[in-house]
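Participant: In this text, residue positions in the sequence shown follow the numbering used here: the first is 1, and each later residue adds one. Just so you know, even glycine gets a beta-carbon here, dropped at the ideal spot from N, CA and C. Before I ask anything, let me first share the structure, which is written out below as structure tokens.
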Amino acid sequence: MSNILKIFKIGGGIIDDEQQLRLFLAELAQVPEQKILVHGGGKGASQMLTDLGIAPKMVQGRRITDAATLDIVTMFYAGKTNKQIVALLQSYGVDALGLSGADGNAIRATRRPVQEIDYGFVGDLPLDSINTGLVNQLLRAGLTPVFCAITHDGQGQLLNTNADTIASTLARALADLYEVELHFCFEKDGVLADINDEQSVIPRITAEQYQQLKAEGVIAAGMVPKLDNAFAALAAGVERVVIENALKINEPVKTILCQQ
């Protein structure tokens, strides 16, 4: 059995489009190596909150998770979205197992402390948050774990946790056991030098180049925390980090991140 482990993360842009989600999962089924999928929640949770008369609360692009919001995102992320993805993967011949961080104590988070902003029931991940023994057992049994963005604190409290951070932390934790590749999948073919030019994919970015591209404003907004997580993973021993189009994961066009 190959010792390569590919961890894929998809976000709301793919999840919100059923056709794109199906196409991505069909591509994922063609990946021969051991794999893990981490997914966000998409706009469905916000729509459900609105339908129930609960206004979604966002500060600086981040969701404030009060008790009512936590109930809804848990139902949507760990329930509907996670199980739909698992069902589709099963239909494509992938023996997928849907998990939150609470299942099997797979991912134990700490509630984010209140500083300038109280994010509510939001979890941060220390380096020892991953139950690597459990995840390794699942992989060795031939299963493909599918993690949603819900974790727990070990004291009975569920926590909403950033899916990029979950993917990065899984990659770092498993780097001692596997040759880990971390794949962030979204609607673009990679990191673009010109946001208005789909063909301007930067094929390779080093840590030094990343700092320069940030300073120049080429990489900005939501891509910054994603790449911060990516380079932290590389520094912790992850073999390879890839930014790519979710529908082209088996094609060569992508951005590969490297230390130097």
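Check Glu216 in the structure and name its three-state DSSP category.
Facilitator: Three-state result, Glu216: coil.
Participant: Ignoring anything shorter than 4 residues, give me the alpha helix (DSSP H) runs that lie fully in the stretch 175-226, in order along the chain.
Facilitator: Correct list: 207-215.
Participant: Take Gln260 as the anchor and find which of Met223, Asn250, Ile243 and Arg204 has the nearest alpha-carbon.
Facilitator: Ranking Met223, Asn250, Ile243 and Arg204 by Cα distance to Gln260 puts Arg204 first.
Participant: Is the beta carbon of Gln157 less than 8 Å from the beta carbon of Phe184?
Facilitator: Cβ atoms of Gln157 and Phe184: not closer than 8 Å.
Participant: State the start and end residues of the unbroken alpha helix (DSSP H) segment that holds Ala68.
Facilitator: It spans Ala67 to Val73 - the alpha helix (DSSP H) in which Ala68 sits, taken as one unbroken run.
Participant: Smallest Cα separation from Val180: which of Ile249, Cys258 and Val241?
Facilitator: The shortest C-alpha separation from Val180 is found at Val241.
Participant: Grouping DSSP H, G and I as helix and E and B as strand, with all else coil, what is Thr161?
Facilitator: Coil, per DSSP.
Participant: Looking at the unbroken alpha helix (DSSP H) that takes in Thr132, where does it start and where does it end?
Facilitator: Thr132 to Arg140 is the extent of the alpha helix (DSSP H) around Thr132.
Participant: Assess contact between the stretch 164-175 and the stretch 226-236, defined as three or more Cβ pairs (one per stretch) separated by less than 8 Å. Is contact present?
Facilitator: As far as the Cβ criterion goes, the stretch 164-175 touches the stretch 226-236, which means the pair count is three or higher.
Participant: According to the Cβ coordinates, are Ala163 and Val38 closer than 8 Å?
Facilitator: It is a contact, given that the beta carbons lie within the stated cut-off.
Participant: Does the beta-carbon of Thr144 have 16 or more other beta-carbons within 10 angstroms, so that it is buried, or is it exposed?
Facilitator: So Thr144 counts as buried.
Participant: The beta strand (DSSP E) with Leu97 in it runs from where to where?
Facilitator: Note, Leu97: beta strand (DSSP E), Ala96 to Leu99.
Participant: By a C-beta neighbour count over all protein chains shown, 10 Å radius and 16 as the cutoff for buried, is Pro35 buried or exposed?
Facilitator: According to the sequence provided, residue 35 is Lys. The question's Pro does not apply to it. It is buried - the Cβ of Lys35 has at least 16 other Cβ atoms within 10 Å.
Participant: Under 8 Å, with one C-beta from each stretch per pair, do the stretch 41-59 and the stretch 7-19 reach the 3-pair mark?
Facilitator: A contact exists between the stretch 41-59 and the stretch 7-19.
Participant: According to DSSP, simplified to helix, strand and coil, what is Ile85?
Facilitator: Looking at Ile85 - three-state DSSP - the assignment turns out to be helix.
Participant: When you compare each of Leu139, Thr81 and Ala68 to Ser2 by their alpha carbons, which one comes out closest?
Facilitator: If we check each option's Cα against that of Ser2, Leu139 comes out closest.
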